[in-house]
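Our numbering applies: residue 878 is where the sequence shown begins, and numbers increase by one.
Glycine included, C-beta positions come from ideal geometry on N, C-alpha and C.
Model, not experiment: these values are computed from the prediction.
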Amino acid sequence: GDPHDMIGDTVFCTSIAGDEIGRILTWGNHPARHADYELASPSLNCDIPQTYLEPILVKNATMRGTQTQFSTEYLSHEQDADGVDVRVLNRLTGREYTIRAKYLIGADGARSKVASDIELPLEGDMDIAGSMNITFKADLAKLVGHRPSVLYWVIQP
(Lines of atoms letter the chains of each structure in order from A and count residues from 1; the text may use other names and numbers.)
(Lines give C-alpha, C1' and ligand atoms only; values in the text may rest on other atoms or scores of the structure.)
Protein backbone atom coordinates (compact mmCIF):
# COMPACT_ATOMS: atom_id res chain seq x y z
CA GLY A 1 0.00 0.00 0.00
CA ASP A 2 0.90 3.62 -0.27
CA PRO A 3 2.75 4.84 2.83
CA HIS A 4 1.10 7.53 4.93
CA ASP A 5 3.29 10.38 3.68
CA MET A 6 2.27 9.65 0.08
CA ILE A 7 -1.49 9.57 0.68
CA GLY A 8 -2.06 13.32 0.59
CA ASP A 9 -5.22 14.91 -0.70
CA THR A 10 -8.56 13.79 -2.03
CA VAL A 11 -9.30 15.58 -5.30
CA PHE A 12 -12.80 16.36 -6.55
CA CYS A 13 -12.90 16.86 -10.33
CA THR A 14 -15.21 16.74 -13.35
CA SER A 15 -13.10 14.00 -14.97
CA ILE A 16 -9.63 12.60 -14.39
CA ALA A 17 -8.22 15.15 -16.84
CA GLY A 18 -10.99 17.72 -16.31
CA ASP A 19 -11.46 20.70 -14.07
CA GLU A 20 -10.59 20.38 -10.41
CA ILE A 21 -13.55 21.39 -8.27
CA GLY A 22 -11.63 21.23 -5.01
CA ARG A 23 -9.42 19.16 -2.75
CA ILE A 24 -9.26 18.29 0.91
CA LEU A 25 -6.49 17.04 3.13
CA THR A 26 -7.47 13.55 4.23
CA TRP A 27 -6.33 10.47 6.11
CA GLY A 28 -4.73 12.41 8.94
CA ASN A 29 -2.83 14.86 6.74
CA HIS A 30 -4.78 17.94 7.81
CA PRO A 31 -2.74 19.79 10.46
CA ALA A 32 -5.80 19.95 12.74
CA ARG A 33 -6.19 16.14 12.66
CA HIS A 34 -2.59 14.93 12.43
CA ALA A 35 -2.23 14.42 16.19
CA ASP A 36 -5.51 12.46 16.33
CA TYR A 37 -4.10 9.88 13.93
CA GLU A 38 -0.69 9.71 15.63
CA LEU A 39 -2.22 9.24 19.08
CA ALA A 40 -4.74 6.62 17.90
CA SER A 41 -2.13 4.02 16.96
CA PRO A 42 1.57 3.29 17.29
CA SER A 43 1.58 2.82 13.48
CA LEU A 44 0.78 5.28 10.73
CA ASN A 45 -1.99 4.26 8.37
CA CYS A 46 -1.40 3.31 4.76
CA ASP A 47 -3.67 3.06 1.75
CA ILE A 48 -4.18 -0.44 0.40
CA PRO A 49 -7.02 -1.51 -1.90
CA GLN A 50 -9.37 -4.25 -0.69
CA THR A 51 -8.31 -6.42 -3.64
CA TYR A 52 -4.78 -6.54 -2.16
CA LEU A 53 -5.64 -6.49 1.55
CA GLU A 54 -8.32 -9.19 1.55
CA PRO A 55 -6.02 -12.06 0.43
CA ILE A 56 -3.51 -11.07 3.12
CA LEU A 57 -6.20 -11.06 5.82
CA VAL A 58 -7.70 -14.37 4.64
CA LYS A 59 -4.29 -16.06 4.50
CA ASN A 60 -3.30 -14.90 7.99
CA ALA A 61 -6.69 -15.70 9.50
CA THR A 62 -6.62 -19.18 7.93
CA MET A 63 -3.12 -19.81 9.29
CA ARG A 64 -4.55 -19.08 12.76
CA GLY A 65 -7.34 -21.63 12.43
CA THR A 66 -10.27 -19.61 11.11
CA GLN A 67 -12.47 -20.41 8.14
CA THR A 68 -13.46 -17.79 5.57
CA GLN A 69 -16.63 -18.28 3.58
CA PHE A 70 -17.31 -16.13 0.54
CA SER A 71 -20.72 -15.79 -1.12
CA THR A 72 -22.23 -16.09 2.35
CA GLU A 73 -24.85 -13.69 3.69
CA TYR A 74 -25.37 -12.91 7.37
CA LEU A 75 -29.03 -13.39 8.37
CA SER A 76 -29.15 -13.19 12.17
CA HIS A 77 -27.37 -14.13 15.36
CA GLU A 78 -27.95 -15.16 18.96
CA GLN A 79 -25.30 -14.46 21.55
CA ASP A 80 -24.68 -16.22 24.84
CA ALA A 81 -21.93 -16.11 27.45
CA ASP A 82 -19.67 -18.46 25.46
CA GLY A 83 -20.01 -17.09 21.94
CA VAL A 84 -22.49 -16.52 19.16
CA ASP A 85 -24.65 -18.62 16.84
CA VAL A 86 -24.73 -16.94 13.44
CA ARG A 87 -27.40 -17.83 10.90
CA VAL A 88 -26.10 -17.50 7.33
CA LEU A 89 -27.19 -18.13 3.75
CA ASN A 90 -24.92 -19.64 1.12
CA ARG A 91 -25.76 -17.40 -1.85
CA LEU A 92 -24.59 -20.02 -4.37
CA THR A 93 -26.58 -22.99 -3.08
CA GLY A 94 -29.45 -21.25 -1.25
CA ARG A 95 -28.70 -23.34 1.86
CA GLU A 96 -29.22 -21.71 5.28
CA TYR A 97 -27.18 -22.94 8.23
CA THR A 98 -25.78 -21.88 11.61
CA ILE A 99 -22.14 -21.22 12.44
CA ARG A 100 -20.97 -21.30 16.07
CA ALA A 101 -18.31 -18.65 16.64
CA LYS A 102 -16.42 -17.01 19.46
CA TYR A 103 -16.94 -13.56 17.91
CA LEU A 104 -19.12 -11.90 15.29
CA ILE A 105 -17.46 -9.04 13.43
CA GLY A 106 -19.76 -6.72 11.51
CA ALA A 107 -17.52 -5.54 8.67
CA ASP A 108 -20.42 -5.28 6.27
CA GLY A 109 -20.46 -1.59 5.46
CA ALA A 110 -22.56 1.46 6.15
CA ARG A 111 -25.85 -0.42 5.75
CA SER A 112 -24.66 -3.10 8.15
CA LYS A 113 -27.31 -5.62 9.14
CA VAL A 114 -25.06 -6.66 12.03
CA ALA A 115 -24.95 -3.07 13.34
CA SER A 116 -28.70 -2.77 12.86
CA ASP A 117 -29.38 -6.05 14.69
CA ILE A 118 -27.38 -4.94 17.73
CA GLU A 119 -28.92 -1.45 17.49
CA LEU A 120 -25.53 0.22 17.10
CA PRO A 121 -26.12 3.92 16.46
CA LEU A 122 -24.52 5.33 13.31
CA GLU A 123 -23.79 9.03 12.94
CA GLY A 124 -24.19 11.15 9.83
CA ASP A 125 -26.49 11.27 6.84
CA MET A 126 -27.14 8.05 4.97
CA ASP A 127 -28.02 7.62 1.30
CA ILE A 128 -27.04 11.15 0.32
CA ALA A 129 -25.62 10.16 -3.07
CA GLY A 130 -24.89 7.20 -5.27
CA SER A 131 -21.35 6.11 -5.97
CA MET A 132 -19.47 3.59 -8.03
CA ASN A 133 -15.99 2.13 -7.65
CA ILE A 134 -14.12 1.56 -10.89
CA THR A 135 -10.85 -0.34 -10.91
CA PHE A 136 -8.51 -0.05 -13.87
CA LYS A 137 -4.79 -0.06 -14.54
CA ALA A 138 -3.23 2.79 -16.53
CA ASP A 139 -0.36 5.25 -16.39
CA LEU A 140 -2.14 8.52 -15.62
CA ALA A 141 0.99 10.57 -14.90
CA LYS A 142 0.47 12.83 -17.93
CA LEU A 143 -3.12 13.55 -16.87
CA VAL A 144 -2.77 14.00 -13.12
CA GLY A 145 0.94 14.56 -12.49
CA HIS A 146 0.26 18.24 -11.83
CA ARG A 147 -2.29 17.38 -9.11
CA PRO A 148 -1.22 14.18 -7.35
CA SER A 149 -3.70 12.46 -5.09
CA VAL A 150 -4.43 9.00 -3.76
CA LEU A 151 -8.16 9.38 -4.39
CA TYR A 152 -10.07 11.20 -7.13
CA TRP A 153 -13.80 11.76 -6.85
CA VAL A 154 -15.12 12.33 -10.36
CA ILE A 155 -18.28 14.38 -10.01
CA GLN A 156 -20.64 15.50 -12.73
CA PRO A 157 -22.17 18.68 -11.27
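- Cβ-Cβ separation between Ile898 and Thr891: approximately 7 Å, consistent with a contact (criterion under 8 Å).
- In the DSSP assignment, His954 falls outside any alpha helix (DSSP H) and within the unbroken beta strand (DSSP E) covering 949-957.
- Between Thr949 and Asn922, the CB-CB gap reaches or exceeds 7 Å.
- Residue environment analysis places His954 among the buried positions, since at least 16 neighbouring C-beta atoms fall within 10 angstroms of its C-beta.
- For the 7 Å CB-CB criterion, Asp913 and Ile884 do not form a contact.
- DSSP lists Phe889 as the bridge partner or partners of Trp1030.
- For Asp913, the enclosing alpha helix (DSSP H) covers residues 911-917.
- Contact annotation: Ala978 and Val965 have beta-carbon atoms that are not nearer than 7 Å.
- Counting only the Cα atoms, Asp994 lies some 35 Å from His907.
- For Leu1017, the closest C-alpha among the options Ser1026, Asn1010, Met1009 is that of Ser1026.
- It is roughly 20 Å from the alpha-carbon of Thr1012 to the alpha-carbon of Pro880.
- For a cut-off of 8 Å, the C-beta gap from Ile893 to Val1031 is around 7 Å, short enough to register as a contact.
- Counted as a single uninterrupted DSSP element, the alpha helix (DSSP H) harbouring Asn937 occupies residues 927-940.
- In this structure, DSSP gives Ala1015 a state outside helix and strand, which the three-state scheme calls coil.
- With respect to the 7 Å criterion, Val963 and Leu981 are classified as neighbours on the basis of their beta carbons.
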